[in-house]
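Engineer:
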Amino acid sequence: VDDEGTIVGLLDIGKCLHDTIKRLEKANVKSSEAAGDMMRQMASLQGAGGTQAAAMQMLLGPLMEQAFGGKASPTLRSLLAGKPATIVSPGTNVREAGVKMAEARKAALVVDDGELVGIFGFKDMMSRCVAKELPLELTDVTSVMTPNPESVTPDITVLEAMQIMHENKFLTLPVCEEDGMVVGLVTVMDLVYGSGGADGWRSIFSSAMDVADDVSDDSSVHSLRSTAMSVRSKKAVSVRTSTTKKKEVPVSKLRPKKPMLSNVEDSVLSVAQMLANKRGDASLVVGANGGLAGILTDTDVTRRVVAKYLDPSRICVTEVMTSNPTCVSMSDSAMDALGTMIENHFRHLPVVDDEGTI
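The C-terminal residue of the sequence shown carries number 358 in my numbering, and the numbering is unbroken.
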């Protein structure tokens with residue numbers, strides 16, 4: 001870190017979505033007559049998810065209809081149509097599972113005799129296997145998977161799936177038929193794209209950011225009290241929108257989570273071990289001059305190291321990281337930043353100070 005700037009943090013699209021919903025919930029409950037009306041309406045609604053699903057329908061249903069042109073929330077079956085699941089069997093070694101995960105860019109579902117018995121994700125690969133230096137070809141996926149994961153049926157809507165993810169802070173959700181047959185896996189980004197994409201979600205995020213600050217969650221690291229963040233690259237080229245008449249709120253109000261830093265001289269193994277110890281999933285890589293050199297995520301470890309049969313102890317992080325990543329400054333527009341994350345399938349977005357340096 002030099003005198004011209006500091007690493008501020010990292011935005012996570014899953015956390016941003018969670019905070020958006022939480023913010024809207026607070027605003028809805030606080031509004032006049034909201035509490036009584038909510039309970040009466042929730043009691044009258046039926047279907048999967050019960051009270052929680054009803055609350056989410058009340059909360060986001062009208063916003064989603066408006067944002068997505070009056071269309072009904074699609075089902076998970078429609079989202080997964082034509083998309084084969086990443087399925088492995090007990091006895092599959094971790095390396096083989098990693099290759100399949102890299103090809104599909106999805107976590108692996110462990111299926112035994114047609115029944116879902118576990119899920120093995122990118123963070124599991126990094127924290128439970130690479131960081132612990134397990135022999136990948138000799139490690140059965142069942143020994144490092146998360147067993148008996150919660151699943152949902154393909155006929156629930158995106159809105160209902162979003163509620164489950166929100167309540168449990170899931171990033172992925174297995175989908176199975178009533179008889180147990182595995183259909184596939186949906187992620188937070190799948191739900192965003194399946195219900196309007198960047199344009200639709202701009203409306204949702206904007207509605208959340210319009211809520212008065214007194215209903216925000218002050219304890220949330222990513223409390224969505226902001227609406228202003230113009231995206232710019234590491235070269236500090238801002239993309240500002242001058243058409244909006246609303247007061248813009250800077251990224252600093254989002255309070256990005258504390259970054260986990262590594263050095264350009266570190267090995268992939270040392271970075272994986274650091275992230276595993278801190279329960280993180282992404283590291284910002286800092287150069288010799290203190291500037292942002294790149295970012296390495298748990299997905300990168302699987303796709304660019306494990307699936308390529310590279311030795312993480314001998315590979316420098318600079319060989320597999322994403323170099324010169326797009327980033328935002330503390331005073332940039334939140335709406336533009338969130339739009340950039342969705343449009344470019346970014347789960348993480350580095351945040352720098354207003355000098356444009358890290």
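Even glycine gets a Cβ: it sits at the ideal position worked out from N, Cα and C.
#1: Using CA coordinates, which residue listed in D266, L134 and M101 is at the minimum distance from I295?
#2: Can you tell me whether P259 is buried or exposed? The criterion is at least 16 other CB atoms within 10 Å of its CB, across all chains shown.
#3: Should H18 be labelled buried (16 or more other beta-carbon atoms within 10 Å of its own) or exposed?
#4: Have a look at A288, L136, T340 and S331 and flag the residue whose alpha-carbon is nearest the alpha-carbon of V8.
#5: Compare the C-alpha of V320 against each of K308, Q273 and N344 and name the closest.
#6: Report back the beta-carbon spacing between S73 and V188 to the nearest angstrom; my notes put them in contact at under 8 Å.
#7: Would you call the CB atoms of V141 and T92 closer than 7 Å?
#8: Less than 7 Å separating the beta-carbons of M165 and V110?
#9: Nearest to E370 by CA position, among V271, S283 and D179, is which residue?
#10: Which residue from L80, D113, I119 and G82 puts its Cα closest to that of V94?
#11: Can you have a look at A35 and say buried or exposed, based on whether 16 or more other CB atoms are within 10 angstroms of its CB?
#12: Among the candidates E96, P90 and M101, whose CA atom is the shortest distance from the CA of P84?
#13: Assuming S252 contacts V271 (C-beta within less than 8 Å), just tell me the rounded distance between them.
#14: Use the C-beta contact count for D112: other C-beta atoms within 10 angstroms, 16 or more gives buried, fewer gives exposed.
#15: Quick one: complete alpha helix (DSSP H) runs, 4+ long, within the stretch 75 to 120?
#16: If you draw a straight line from the C-alpha of R314 to the C-alpha of L269, how long is it?
#17: Between T299 and F122, which are expected to be in contact by the criterion C-beta below 8 Å, what is the C-beta distance as a whole number of angstroms?
#18: With a CB to CB cut of under 7 Å and the five nearest residues on each side skipped, what residues in its chain are close to L261?
#19: Could you give the residue range of the beta strand (DSSP E) that holds L138?
#20: From the DSSP output, in three-state form, read off T146 for me.
#21: Sorted by chain position, which residues of the same chain lie with C-beta nearer than 8 Å to A361's C-beta, five sequence neighbours on each side aside?
#22: In whole angstroms, what separates the C-alpha of S329 from that of L138?
#23: My guess is that D190 and L79 are in contact by the Cβ rule of under 8 Å, so how many angstroms apart are they, rounded?
#24: Can you check which of these residues, A131, V175, D336 and C16, is closest to K278 by C-alpha distance?
#25: In this structure, what does DSSP give as the bridge partners for K257?
#26: In three-state terms, what does DSSP make of V251?
#27: Of the residues G184, F205 and E150, which one's Cα is nearest the Cα of P15?
#28: On the DSSP bridge assignment, give the partners of L362 in chain order.
#29: So, with DSSP's three-state summary, where would you put H18?
Structural biologist: This is what the structure holds:
#1: Taking the Cα of I295 as reference, the smallest distance to any Cα among D266, L134 and M101 is reached at D266.
#2: By the neighbour-count rule (16 or more Cβ atoms within 10 Å), P259 is buried.
#3: That one is buried.
#4: The alpha carbon of V8 has as its nearest neighbour, out of A288, L136, T340 and S331, the alpha carbon of S331.
#5: Ranking the options by Cα distance to V320, first place goes to K308.
#6: Contact between S73 and V188 fails: their C-beta atoms lie close to 15 Å from each other, not under 8 Å.
#7: V141 places its beta carbon less than 7 Å from that of T92.
#8: With contacts defined by Cβ atoms closer than 7 Å, M165 and V110 do not form a contacting pair.
#9: What is shown of the chain runs 1 to 358, which leaves residue 370 out entirely.
#10: Answer by Cα proximity: I119.
#11: Caution is warranted here: a pLDDT of 44 is assigned to A35, below 50, making its placement in the model unreliable, and the coordinate value is therefore given only provisionally. A35 should be labelled exposed.
#12: It is M101.
#13: With 8 Å as the limit, S252 and V271 do not qualify as a contact, their Cβ atoms being about 27 Å apart.
#14: Classification for D112: exposed.
#15: Annotation note: the stretch 75 to 120 contains the following uninterrupted alpha helix (DSSP H) runs of length 4 or greater, listed N- to C-terminal: 76 to 80 and 94 to 104.
#16: Whole-angstrom Cα-Cα distance: 8 Å.
#17: Rounded, the Cβ-Cβ distance is 5 Å, consistent with contact.
#18: For L261, where only same-chain residues beyond five positions count, the Cβ hits under 7 Å are I7, S283, L284 and V286.
#19: Unbroken run through L138: none, as it is neither H nor E.
#20: When DSSP states are grouped into helix, strand and coil, T146 belongs to the strand group.
#21: There is simply no residue 361 to check, as the chain begins at 1 and stops at 358 in what is shown.
#22: The alpha-carbon of S329 is positioned some 45 Å away from that of L138.
#23: Rounded, the Cβ-Cβ distance is 6 Å, consistent with contact.
#24: Ranked by how close their Cα comes to the Cα of K278, the residues A131, V175, D336 and C16 have A131 in first place.
#25: L10.
#26: Residue state, collapsed to three classes: helix.
#27: The amino acid occupying residue 15 in the given sequence is Lys; Pro does not appear at that position. Comparing Cα positions, the closest option is F205.
#28: Examination of residue 362 is not possible in this model, given that the chain is present from 1 through 358 alone.
#29: Correct three-state label for H18: helix.
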